[in-house]
Amino acid sequence: MGDDPASRVYVNNKKKACEEIGIYSEEYALPETTSEEELLNLIDKLNNKPEISGILVQLPLPAGLDEEKVINRINPKKDVDAFHPVNVGKIMVGNYDFVPCTPAGIMELIKESGIDICGRECVVVGRSNIVGKPMAMMLLHANGTVTVCHSRTKNLAEKTRQADILVAAVGIPNFITGDMVKEGAVVIDVGINRTENGKLTGDVEFETAEPKAAAITPVPGGVGPMTIAMLMKNTLKAAVINREEK
Ligand code: GUN
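All residue numbers for the sequence shown refer to the numbering used here, where the first residue is 463 and numbers rise by one.
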C-alpha cells in the first residue's frame, strides 16, 4: 500500500522471483487512501481463493492503518511471511511450518557455509518482530547461546565482542564497526540503508569488520537475495499444506 520506494523494489523482486521459478502471483498495489476495511476485504477474498497459497502484505503500511489487525486477518496457513501470531507462537514452541524469510535465509547461509551454531555465542543486535526476535529463536533452536541487544543496551560493544556469530539488524548505517567484532567471528549484516548519495549500505562497516571476520555477508547481495529465496520456499510449503487441506 502507498508508494514507499523501498517497498516497490522489494515487491518487484518478489514478483520477479515468482516468475523465474514458475509461481503464479497477483499484485494488488493499493493507493495510500485505501481504507482498512477495503484492505481487510481483499485479504478475506484471497484467504478464500483456492488458487492462492500464500499472502504477503508488504510492510510498512501507511500511517493510520493497524498493521497488527491486518496481519491477524491473514489465514495462518497462507501466511508465508510467518508474521501471524499463530505462526509466531509455533516458532516459539519449535513446531513450525513457516519461518520469517530473513531469519530463515540467515540460517541457510550459516548452514551452507558449514558454520556450527551449537554452543556458540550468538549476539543479535535488533529486536524487531520481522528479524531480531525470530532470529534469536532460530539460533536458540540450533543450540546457540543467544543474547539479544537493542537501542537501550548498555555497553553494546562489550556484548558484540563476545559474539562468535553476530547478526546486525538495527537499520542504522555502519552501526557495527570493526572494533566491535571479535577476531574470527561470523558477521551477518541484515541492514539495507540508503545513504544521502543513493548508495546501499548495511548496518556493519564492512571495511573495518571484514579483516577481523572469518566470514561476513556483503550489502547488497548478502542476506537480501536469501530473504526472497526463503519466501519462495515458504510459498511452496504453503501450496503443499493448502493442497493437503482440500
Ligand atoms: N518489509 C520489510 N521486510 C519485509 C518482509 O519480509 N515482509 C513484508 N511483508 N514486509 C516487509
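The beta-carbon is built from N, C-alpha and C at its ideal position, and this holds for glycine as well.
Fair warning: this is a prediction, and the values are worked out from it, not measured in the lab.
{"Query": "Skipping 5 residues on each side, what residues in its chain have a beta carbon closer than 7 Å to that of Ile676?", "Result": "With the sequence shown as reference, residue 676 is identified as Ala, and Ile is not the correct amino acid for it. Here the set comprises Gly646, Ala647, Val648."}
{"Query": "What is the DSSP secondary structure of Val586, reduced to helix, strand or coil?", "Result": "strand"}
{"Query": "Does Cys611 come out as helix, strand or coil in the three-state DSSP assignment?", "Result": "strand"}
{"Query": "Within the continuous alpha helix (DSSP H) that includes Val652, where are the two ends?", "Result": "That residue, Val652, is in no alpha helix (DSSP H); it is neither H nor E in DSSP."}
{"Query": "Considering only residues of the same chain and omitting the five flanking positions on each side of Pro673, which have a CB-CB separation below 8 Å?", "Result": "Gly640"}
{"Query": "Compare the Cα-Cα distances from Gly653 to each of Ala544, Ala625, Met642, Ile638 and report the closest residue.", "Result": "Ile638"}
{"Query": "If the criterion is Cβ atoms closer than 8 Å, does the pair Met597 and Met554 meet it?", "Result": "no"}
{"Query": "Between which two residues does the alpha helix (DSSP H) containing Ala630 stretch?", "Result": "Where Ala630 is concerned, there is no enclosing alpha helix (DSSP H), although the beta strand (DSSP E) it sits in stretches over 627-630."}
{"Query": "Using the C-alpha atoms, what's the distance from Lys644 back to Val585?", "Result": "11 Å"}
{"Query": "Return the chain-ordered list of same chain residues with a C-beta closer than 7 Å to the C-beta of Arg656, the five sequence neighbours on each side being excluded.", "Result": "Leu662"}
{"Query": "Using the Cβ count rule (16 or more neighbours within 10 Å means buried), how would you classify Ile483?", "Result": "exposed"}
{"Query": "Tell me the rounded alpha-carbon separation between Ser487 and Val519.", "Result": "13 Å"}
{"Query": "Using DSSP with H/G/I as helix, E/B as strand and the rest coil, what is Ala700?", "Result": "helix"}
{"Query": "Give a single yes or no on whether Cys580 has its beta carbon closer than 7 Å to a heavy atom of the ligand GUN.", "Result": "no"}
{"Query": "Could you tell me the alpha carbon to alpha carbon distance between Met692 and Phe668, rounded to whole angstroms?", "Result": "25 Å"}
{"Query": "Taking only the alpha-carbon atoms, compute the straight-line gap between Tyr558 and Leu628 and give it to the nearest angstrom.", "Result": "24 Å"}
{"Query": "Cα-Cα, which of Val532, Ala630, Phe560 is closest to Lys539?", "Result": "Phe560"}
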